[in-house]
Amino acid sequence: MTGTEDSFISHLIELRSRLMKASIVVIVIFLCLMPWAGDIYDLLARPMMLALPEGSKMIATGVITPFLIPVKVTMLVAFLISLPWVLYQLWAFIAPGLYTHEKKLIAPLVVSSSALFVVGVAFCYFFVFGVIFHFINNFAPKSISVAPDIDSYFGFVMTMFIAFGLTFEVPVIVIVLVRMGLVSVEKLKQIRPYVIVGAFVIAAVVTPPDVMSQLLLAVPLCLLYEVGLLLAPMFVKITQAPKESESI
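Dropping the structure here:
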């Protein structure tokens with residue numbers, strides 16, 4: 208019993224150490240970026256500013272909003288920059304307890320899922336926002352002066368980033384489901400029509416109520432689902448455990 212308690216405590220100490228190492232790097236990068244917090248927010252707001260009429264600006268209705276929102280954006284950027292280090296700390300904590308074939312499964316999934324999430328966010332920022340914001344501002348009546356609140360804009364942007372980031376995780380989700388034996392590739396192919404309908408329903412709920420922005424989310428989701436169906440059998444074959452008795 209004492210040995211079990213000592214092992215549990217040692218794991219907690221190791222976890223605390225890994226969390227502290229990851230947090231320190233995030234905080235240091237955040238502090239280094241803080242002098243440019245305003246510029247970082249301007250970069251985030253660029254897609255909207257390009258769509259607004261010349262000379263237009265966003266507004267801030269809260270007393271501390273002009274300070275708080277750029278700080279939040281800077282913290283998120285610091286976390287993204289330090290993400291490889293954070294993932295390394297996570298991997299260093301869990302890797303010693305994994306079998307070799309489990310390491311073959313988790314390592315590429317962690318790397319690929321992180322990369323795909325970033326690609327989804329980049330796709331949203333560089334392409335989707337331009338389409339959505341131009342459509343909305345061109346559709347607005349001439350009697351309306353469009354001046355988005357920075358707090359509302361931040362909330363909308365984060366929602367879209369998460370939606371597109373998770374959409375680009377679909378191949379990883381498909382691969383994990385197949386690899387864990389929860390569902391077969393054949394079954395996933397059979398439910399393809401339901402997935403397509405579900406993709407458009409999700410797009411209709413998450414994106415603004417225009418056809419173009421819904422297509423920009425639903426179509427990649429469907430295509431990435433097909434990519435997952437193609438890669439899943441190959442990934443399962445590569446990461447299949449050669450022996451149940453394989454040592455750690």
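Residue numbers (the working numbering): 208 to 455. All C-beta atoms, glycine included, are put in the ideal place defined by N, C-alpha and C.
Problem - Straight-line Cα distance separating Gly405 from Glu393 - result: Along the sequence shown, one-based indexing puts residue 393 at 186. Along the sequence shown, one-based indexing puts residue 405 at 198. Going from the Cα of Glu393 to the Cα of Gly405 covers about 19 Å.
Handout entry: Boundaries (first-last residue) of the alpha helix (DSSP H) holding Ile266
Key = Numbered from its first residue, the sequence shown carries residue 266 at position 59. Run containing Ile266: none; DSSP gives neither H nor E here.
Handout entry: Assumed close pair Thr272, Ile357 - CB separation to whole angstroms, cut-off 8 Å
Key = Here residue 272 corresponds to residue number 65 of the sequence shown, with the count starting at 1. Here residue 357 corresponds to residue number 150 of the sequence shown, with the count starting at 1. Rounded, the Cβ-Cβ distance is 6 Å, consistent with contact.
Practice task
Using the DSSP secondary-structure output, state which residues sit across from Asp356 in a beta bridge.
Solution key: Here residue 356 is taken as the residue at index 149 of the sequence shown, counted from 1. Partner(s): Ile266.
Practice task
Measure the C-alpha to C-alpha separation of His218 and Phe324 and round it to an integer number of angstroms.
Solution key: The sequence position of residue 218 within the sequence shown is 11, counting from 1. The sequence position of residue 324 within the sequence shown is 117, counting from 1. The straight-line gap from Cα to Cα measures roughly 29 Å.
Practice task
Tell me whether Lys450 is buried or exposed, calling it buried when 16 or more other Cβ atoms sit within 10 Å of its Cβ.
Solution key: Start at 1 with the first residue of the sequence shown, and residue 450 comes out as number 243. With a pLDDT of 46 at Lys450, under the threshold of 50, the modelled position of that residue is not reliable, and the figure given next carries that caveat. Lys450 is exposed by the Cβ-count criterion.
Handout entry: Residue environment, Ser420, which counts as buried when at least 16 other CB atoms sit within 10 Å
Key = The residue you call residue 420 lines up with position 213 of the sequence shown. Classification for Ser420: buried.
Practice task
Return the first residue and the last residue of the alpha helix (DSSP H) that Asp246 is part of.
Solution key: Reading the sequence shown from its first residue, position 39 is the one you call residue 246. Segment Ala244 to Ala258, the alpha helix (DSSP H) holding Asp246.
Handout entry: Test item: CB-CB of Gly327 and Pro254 under 8 Å
Key = Taking the first residue of the sequence shown as 1, we reach residue 327 at position 120. Taking the first residue of the sequence shown as 1, we reach residue 254 at position 47. Against a cut-off of 8 Å, the Cβ pair of Pro254 and Gly327 comes out as no contact.
Problem - N- and C-terminal bounds of the alpha helix (DSSP H) containing Pro378 - result: Translated into the one-based positions of the sequence shown, residue 378 becomes position 171. Looking at the DSSP string, the run of the alpha helix (DSSP H) that includes Pro378 is Val377 to Arg386.
Practice task
Would you tell me roughly how many angstroms separate the C-alpha atoms of Trp298 and Leu373, rounded to the nearest one?
Solution key: Within the sequence shown, the letter at position 91 stands for residue 298. Within the sequence shown, the letter at position 166 stands for residue 373. Approximately 21 Å between the Cα atoms of the pair.
Practice task
Please classify Ala299: does DSSP put it in a helix, a strand, or coil?
Solution key: By 1-based counting over the sequence shown, the position of residue 299 is 92. Correct three-state label for Ala299: helix.
Practice task
Pick out whichever of Thr414, Ala229 and Val379 has its Cα sitting closest to the Cα of Phe342.
Solution key: As a first step, residue 342 is located in the sequence shown; it is residue number 135 there, counting from the start. Among Thr414, Ala229 and Val379, the Cα nearest to that of Phe342 belongs to Thr414.
Handout entry: CB contact flag (Tyr432, Val381, <8 Å)
Key = Mapped onto the sequence shown, residue 432 falls at position 225. Mapped onto the sequence shown, residue 381 falls at position 174. It is a contact, given that the beta carbons lie within the stated cut-off.
Exercise for the section: Inspect the beta-carbon positions of Ala285 and Phe237 and report whether they are closer than 8 Å. Expected result: Within the sequence shown, the letter at position 78 stands for residue 285. Within the sequence shown, the letter at position 30 stands for residue 237. Yes, they are a contact pair.
Practice task
Compute the distance between the beta-carbons of Val353 and Ser263, then report whether it is under 8 Å.
Solution key: Stepping through the sequence shown from its first residue, residue 353 is reached at position 146. Stepping through the sequence shown from its first residue, residue 263 is reached at position 56. Contact: yes.
Exercise for the section: To the nearest angstrom, report how far apart Phe368 and Ile409 are at their CA atoms. Expected result: Residue mapping note: residue 368 aligns to position 161 of the sequence shown, counting from 1. Residue mapping note: residue 409 aligns to position 202 of the sequence shown, counting from 1. Taking the straight line from one Cα to the other gives about 14 Å.
Handout entry: As assigned by DSSP and simplified to three states, the class of Ser289
Key = Position 82 of the sequence shown, counted from the first residue, corresponds to residue 289. In the structure shown, Ser289 sits in coil (DSSP, three-state: anything other than H, G, I, E or B).
Handout entry: Spatial distance of Asp417 from Phe346 (CA atoms)
Key = Residue numbering aside, residue 417 sits at position 210 when the sequence shown is read from its first letter. Residue numbering aside, residue 346 sits at position 139 when the sequence shown is read from its first letter. Rounded to whole angstroms, Asp417 to Phe346 spans 11 Å at the Cα level.
Exercise for the section: Quick one: which unbroken alpha helix (DSSP H) runs of 4-plus residues sit fully inside the stretch 307-358? Chain order, please. Expected result: 307-330 and 336-346
Handout entry: Residues of its chain near Leu287, where Cβ-Cβ distance is below 8 Å and the 5 sequence neighbours each way are ignored
Key = Looking up residue 287 in the sequence shown gives position 80. If we look at Leu287 and ignore the five residues flanking it on each side, its Cβ neighbours are Val325.
Problem - Outcome for Ala302 when other beta-carbon atoms lying within 10 angstroms are tallied against a minimum of 16 - result: For the purposes of this step, residue 302 is identified with residue 95 of the sequence shown, where counting begins at 1. The residue in question, Ala302, is exposed, as its Cβ has fewer than 16 Cβ neighbours within 10 Å.
Problem - As assigned by DSSP and simplified to three states, the class of Val418 - result: Here residue 418 refers to the residue found at position 211 of the sequence shown. Residue state, collapsed to three classes: helix.
Problem - Continuous alpha helix (DSSP H) stretch holding Glu393: start and end - result: Position 186 of the sequence shown, counting from 1, holds the residue named residue 393. Its alpha helix (DSSP H) spans residues Val392 to Gln397.
Practice task
Quick one: grab the DSSP three-state call for Leu389.
Solution key: Counted from its first residue, the sequence shown places residue 389 at position 182. Three-state DSSP puts Leu389 in coil, outside helix and strand.
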